[in-house]
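Trainee: Read top to bottom, the protein sequences are chains A and B. Start counting the first sequence at 7; every next residue gets the next number (my numbering). Start counting the second sequence at 5; every next residue gets the next number (my numbering). The C-beta atom is built at its ideal place from N, Cα and C for all residues, glycine as well.
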Amino acid sequence: MMLQIQRSFDREKGVWNITPKGDVDISTASMLRSALDEAYRENKADIILHFDDLNYMDSTGLGVIIGAYGRMKENGNNITLKNPRDNIRKLLRITNLDRLLCPELCE
Amino acid sequence: MADMMKFSVPGKPQYVSTVRMAISCLANSLGFDVEAIEDIKIAVSEACTNVVCHGTIGNGEYEVCCELREDRLVISVVDKAGGYDPETHREPCLECPKEGGLGLYIIKALMDEVEIVTEMGIGTRIEMVKYTR
């Protein structure tokens with residue numbers, strides 16, 4: 007499978023941990039969108055996207071995350087990316103989305 | 005004369021990753037470093053995504069042409085969907101934010117040279133160049 011997504015809600019911290027594995031592109035971006043939307047519908051809380059095992063993402067994935075970010079911000083929630091690989095770091099940097107989605111890269 | 009490779013690709017989302025992998029192998033065999041290969045993979049995917057979202061009629065095919073030169077790889081993604089006027093509004097697409105504008109921005113940021121030629125009534129060609137350092 008090109009993309010697998012695991013999600014779990016941390017009740018103690020009140021955050022979603024979502025871990026996509028594989029590639030996010032035009033054929034799999036809708037899976038990421040559904041995972042984010044379903045999680046947020048279930049529990050309106052911050053989302054941490056763990057990118058340790060995400061090999062590839064392009065503008066289709068960024069679009070999904072920006073969309074979710076916008077909807078969550080309206081309710082005061084946040085979405086944060088953790089441990090993106092070098093190729094995804096570069097994508098975040100050139101689009102200036104690192105400050106918004108992955109502040110750890112700008113520290 | 006430079007070697008050429010051409011792929012004829014169905015305009016469906018599931019084949020974009022196949023093109024990405026093929027071009028990645030090609031770039032690797034030409035001696036590009038890991039960062040350049042990743043740049044090329046994203047740029048090609050963005051160009052193909054643009055075609056799949058906006059540049060095919062039905063599930064029509066498009067072409068990905070690779071020109072293997074001594075000092076560079078030239079990749080052209082060519083559709084025959086009638087071209088478009090960049091000044092006019094294009095149909096919004098859920099898969100590509102800002103109507104594909106972000107994709108083109110990324111391509112230009114990652115590749116050394118980018119040329120977009122659109123001919124009304126014919127189609128659009130995105131030509132991308134990456135130099136082997």
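Assuming Glu131/B and Val78/B are in contact, meaning their beta carbons sit under 8 Å apart, how far apart are those beta carbons, in whole angstroms?
Mentor: Indeed, because the Cβ distance is near 7 Å, the residues count as touching under 8 Å.
Trainee: List the whole-angstrom C-beta distance separating Asn32/B from Ile46/B, where the pair is believed to meet the contact cut-off of C-beta under 8 Å.
Mentor: Not a contact, Cβ separation roughly 15 Å.
Trainee: DSSP beta-bridge partners for Lys88/A?
Mentor: For Lys88/A, which the question treats as bridged, DSSP gives the partners His56/A.
Trainee: So within the stretch 28 to 82 of chain B, which uninterrupted beta strand (DSSP E) runs reach at least 3 residues, ignoring any that extend past its ends?
Mentor: Correct list: 65 to 72.
Trainee: Quick test of your reading: Pro26/A and Leu60/A, contact by CB under 8 Å. State the CB separation rounded to the nearest angstrom.
Mentor: Pro26/A to Leu60/A, Cβ: 5 Å. Contact.
Trainee: If distances are taken between C-alpha atoms only, which option among Leu55/A, Lys79/A, Ala51/A comes closest to Lys88/A?
Mentor: Taking only the C-alpha atoms, the option nearest Lys88/A is Leu55/A.
Trainee: Can you check which of these residues, Asn81/A, Ser33/A, Ala51/A, is closest to Lys19/A by C-alpha distance?
Mentor: Minimum Cα distance to Lys19/A is reached at Ala51/A.
Trainee: Compare the C-alpha of Asp123/A against each of Tyr62/A, Asp29/A, Arg77/A and name the closest.
Mentor: Since the displayed chain A opens at 7 and closes at 113, residue 123/A lies outside it and no answer follows.
Trainee: Where do the N-terminal and C-terminal ends of the beta strand (DSSP E) with Thr122/B fall, by residue?
Mentor: Residues 117 to 123.
Trainee: Nearest by alpha-carbon distance to Ile32/A: which of Gly107/B, Ala6/B, Val121/B, Tyr135/B is it?
Mentor: Of the candidates Gly107/B, Ala6/B, Val121/B, Tyr135/B, the one whose C-alpha sits nearest the C-alpha of Ile32/A is Gly107/B.
Trainee: Against Ala113/B, what residues of chain A qualify as contacts under a CB-to-CB distance less than 7 Å, listed in chain order?
Mentor: Correct list: Ile100.
Trainee: Taking only the alpha-carbon atoms, compute the straight-line gap between Asn84/A and Asn49/A and give it to the nearest angstrom.
Mentor: Each residue's alpha carbon lies about 13 Å from the other.
Trainee: Which residue's Cα is closest to the Cα of Asp43/B: Asp83/B, Glu71/B, Gly87/B, Met25/B?
Mentor: Considering only alpha carbons, the answer is Met25/B.
Trainee: Across which residues does DSSP place Ser14/A in a beta bridge pair?
Mentor: Paired residues: Asn23/A.
Trainee: Rounded to whole angstroms, how far is the Cβ of Trp22/A from the Cβ of Ile53/A, which I believe are closer than 8 Å?
Mentor: So it is a contact: roughly 4 Å between Cβ atoms.
Trainee: Could you run through the stretch 106 to 137 of chain B and flag, in chain order, every residue whose CB is less than 8 Å away from some CB of chain A?
Mentor: The stretch 106 to 137 of chain B vs chain A, Cβ under 8 Å: Leu106, Gly107, Tyr109, Ile110, Ala113, Leu114.
Trainee: CB-CB under 6 Å to Leu97/A, same chain, minus the five flanking residues each way: which ones, in chain order?
Mentor: Hits under 6 Å: none found.
Trainee: What is the DSSP secondary structure of Leu32/A, counted as helix, strand or coil?
Mentor: Here the sequence assigns Ile to residue 32/A, which means Leu is not the residue at that position. Coil, per DSSP.
Trainee: Using a Cβ cut-off of 8 Å, pull out every chain B residue sitting near Asn89/A, in sequence order please.
Mentor: In chain order: nothing, as chain B lies at least about 17 Å away.
Trainee: Could you check which residue in Gly105/B, Gly35/B, Lys134/B, Gly127/B has the C-alpha nearest to that of Glu117/B?
Mentor: Of Gly105/B, Gly35/B, Lys134/B, Gly127/B, the residue nearest in Cα terms is Lys134/B.
Trainee: Cβ of Glu71/B less than 8 Å from any chain A Cβ?
Mentor: For Glu71/B, the answer is no, since every Cβ of chain A falls outside 8 Å of its Cβ.
Trainee: Residues of the stretch 63 to 92 of chain A with a CB closer than 8 Å to any CB of chain B: list them in chain order, please.
Mentor: Answer set for the stretch 63 to 92 of chain A: Asp64, Ser65, Thr66, Leu68, Gly69, Ile72, Gly73, Asp92.
Trainee: Could you check which residue in Lys84/B, Tyr66/B, Ala85/B, Tyr88/B has the C-alpha nearest to that of Lys10/B?
Mentor: Considering only alpha carbons, the answer is Tyr66/B.
Trainee: What span of residues does the alpha helix (DSSP H) with Tyr19/B cover, start to end?
Mentor: Neither: Tyr19/B is in no alpha helix (DSSP H) and is coded neither H nor E.
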